[in-house]
Amino acid sequence: MRAVRMVCAAVVAVVMATAGCASSTSDQSGSATSASATSGSARPDDTRTLANLGDSFSAAVGVQPLVEDSYFLCMRSSRNFAHVLAARETYRLDDVSCGGADTSDFFDAQYDGVPPQIDAVSADTDVVTVMIGGNDSSVYTRAIGTCSDVAATDPTGSPCRDAYGDEYVDIIRDRTYPALRRALSAVRAKAPDARVVAVGYPWILPERTGCYPTVRVATGDVPYLHDLQAELNDAIRRAAQVTGVTYVDMSSVSQGHDACAPVGQRWVEPQTGANGAAPVHPNELGQQAIADQIAAVLR
Numbered sequence: 013m014r015a016v017r018m019v020c021a022a023v024v025a026v027v028m029a030t031a032g033c034a035s036s037t038s039d040q041s042g043s044a045t046s047a048s049a050t051s052g053s054a055r056p057d058d059t060r061t062l063a064n065l066g067d068s069f070s071a072a073v074g075v076q077p078l079v080e081d082s083y084f085l086c087m088r089s090s091r092n093f094a095h096v097l098a099a100r101e102t103y104r105l106d107d108v109s110c111g112g113a114d115t116s117d118f119f120d121a122q123y124d125g126v127p128p129q130i131d132a133v134s135a136d137t138d139v140v141t142v143m144i145g146g147n148d149s150s151v152y153t154r155a156i157g158t159c160s161d162v163a164a165t166d167p168t169g170s171p172c173r174d175a176y177g178d179e180y181v182d183i184i185r186d187r188t189y190p191a192l193r194r195a196l197s198a199v200r201a202k203a204p205d206a207r208v209v210a211v212g213y214p215w216i217l218p219e220r221t222g223c224y225p226t227v228r229v230a231t232g233d234v235p236y237l238h239d240l241q242a243e244l245n246d247a248i249r250r251a252a253q254v255t256g257v258t259y260v261d262m263s264s265v266s267q268g269h270d271a272c273a274p275v276g277q278r279w280v281e282p283q284t285g286a287n288g289a290a291p292v293h294p295n296e297l298g299q300q301a302i303a304d305q306i307a308a309v310l311r
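Numbering (the numbering used here), first residue to last: 13 to 311.
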């Protein structure tokens with residue numbers, strides 16, 4: 013297992029212990045549907061179908077309740093943006109998003125018994141939503157972790173940028189972007205008539221001024237990580253463009269809703285005092301906002 017899988021498992025344990033949730037059971041298929049919006053027996057045969065692929069931002073890790081009978085370590089929420097969209101637009105949903113996923117998990121099993129995510133896509137799929145890339149080469153996960161680790165050494169400086177420079181940007185350009193192109197091309201090939209949308213990540217940090225120690229990033233490293241996230245989103249946008257996929261830009265609408273914003277305004281939870289989602293992940297408001305942006309581009 014990759015290190016990010018271990019991180020994901022640890023987050024699962026903490027979140028579940030805090031929430032006291034015991035309603036989710038393991039399903040070796042790794043796939044789940046929403047009872048309120050996606051039951052095949054409750055809808056006519058011509059119901060439009062939606063497949064949701066992606067990582068913990070797509071799965072809405074930490075947002076309760078979980079999808080019943082979904083694979084436990086995926087931490088797939090029944091209130092993630094795909095479920096919100098499916099209920100609103102009456103799609104039949106096949107949600108295979110999973111915490112810790114990267115683009116390789118489109119093609120290979122992330123966990124034993126969990127099929128590759130792309131298996132959820134077929135020629136009959138009407139809409140595919142994809143939110144992926146942040147875990148590839150552990151680039152953004154590792155950047156947040158390493159920047160948090162060194163922040164205390166120089167809270168007002170830029171210890172992370174000083175130590176790592178262009179390393180993370182180079183990874184996104186040299187590894188993540190080609191991986192995104194491969195993944196989106198494969199989705200497009202399996203569902204040539206579907207509307208495929210690739211979703212960018214909402215801002216985790218403000219552009220210039222952070223909120224140390226609520227989010228443990230030194231003052232000078234806030235723009236460093238903000239620019240890194242902009243690079244990641246641009247890689248997703250460019251990969252979408254060359255593969256004929258629609259890009260959903262969350263950058264403009266999520267300004268002022270980052271992890272440093274107050275409760276009720278923020279769409280992403282901070283590292284300290286996270287409420288209603290895993291730390292540094294979108295909360296229910298954030299998931300609803302993502303669903304709104306996807307719905308807007310599908311009209």
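Glycine included, C-beta positions come from ideal geometry on N, C-alpha and C.
Which runs of the alpha helix (DSSP H) spanning at least 4 residues fall entirely within the region 58-143, listed in chain order? Runs of the alpha helix (DSSP H) lying entirely within the region 58-143, each at least 4 residues long, are 68-71, 93-101 in chain order.
Locate the beta strand (DSSP E) running through residue 231, then write down its first and last residues. Premise fails: residue 231 is in no beta strand (DSSP E) and is neither H nor E.
Applying the 10 Å Cβ sphere with the 16-neighbour rule, what's the burial state of residue 77? Classification for residue 77: exposed.
Please tell me whether residue 144 and residue 210 are closer than 9 Å, where the distance is taken between their beta carbons. Pairing residue 144 with residue 210 gives a Cβ-Cβ distance under 9 Å.
Under 6 Å Cβ to Cβ from residue 103, same chain only, skipping five residues before and after it: list those, please. 60, 62, listed in sequence order.
Can you grab the Cα-Cα spacing for the pair residue 71 / residue 189, in whole Å? Roughly 22 Å between the two C-alpha positions.
Would the beta-carbon of residue 133 fall within 9 Å of that of residue 207? No.
Could you check what DSSP says for residue 271 in three-state terms: helix, strand or coil? Three-state DSSP puts residue 271 in coil, outside helix and strand.
Output yes or no for whether 9 Å exceeds the beta carbon distance between residue 272 and residue 230. Cβ atoms of residue 272 and residue 230: not closer than 9 Å.
Please report whether the beta-carbon of residue 160 lies at a distance below 9 Å from any beta-carbon of chain C. Chain labels in this structure do not include chain C; a single protein chain is all it has.
Is residue 250 helix, strand or coil when you go by DSSP? Helix.
Where the beta strand (DSSP E) through residue 158 begins and ends: Segment 151-163 is the alpha helix (DSSP H) holding residue 158; no beta strand (DSSP E) there.
Is it buried or exposed, residue 153, if we count other Cβ atoms within 10 angstroms and call 16 or more buried? With 16 or more other Cβ atoms within 10 Å, it is buried.
May I ask you to report which of helix, strand or coil DSSP gives residue 255? Helix at residue 255.
CB of residue 270 within 9 Å of CB of residue 214, strictly: Yes, these two residues count as a Cβ contact at 9 Å.
Top-ranked residue by Cα proximity to residue 299, from 115, 220, 281, 310: The shortest Cα separation from residue 299 among 115, 220, 281, 310 belongs to 281.
Less than 9 Å between the C-beta atoms of residue 274 and residue 224, yes or no? Result no, Cβ atoms of residue 274 and residue 224 do not sit closer than 9 Å.
With DSSP as the reference, identify every bridge partner of residue 207, one or two as the case may be. Per the DSSP secondary-structure output, residue 207 pairs in a beta bridge with 139.
Given a cut-off of 9 Å on the beta-carbon distance, is the pair residue 261 and residue 245 in contact? Yes. Within cutoff.
Only counting the same chain, and skipping five residues up and downstream in sequence, which positions put a Cβ closer than 6 Å to that of residue 301? Cβ neighbours of residue 301 beyond the five flanking positions: 279.
Leaving out five residues before and five after residue 199 in sequence, what residues of the same chain have Cβ atoms less than 6 Å from its Cβ? Taken in chain order, the residues that qualify are 133, 140, 208.
Could you give the distance in angstroms between the alpha-carbon of residue 122 and the alpha-carbon of residue 64? Rounded to the nearest angstrom, the gap between the Cα atoms of residue 122 and residue 64 is 16 Å.
According to DSSP, is residue 313 part of a helix, a strand, or is it coil? Only positions 13 to 311 of the chain appear in the structure, and residue 313 is not among them; the question remains open.
Short of 6 Å in beta carbon distance, which residues of its chain neighbour residue 259, apart from the five on each side in sequence? Order them along the chain. Only 210, 249, 252 meet the Cβ criterion.
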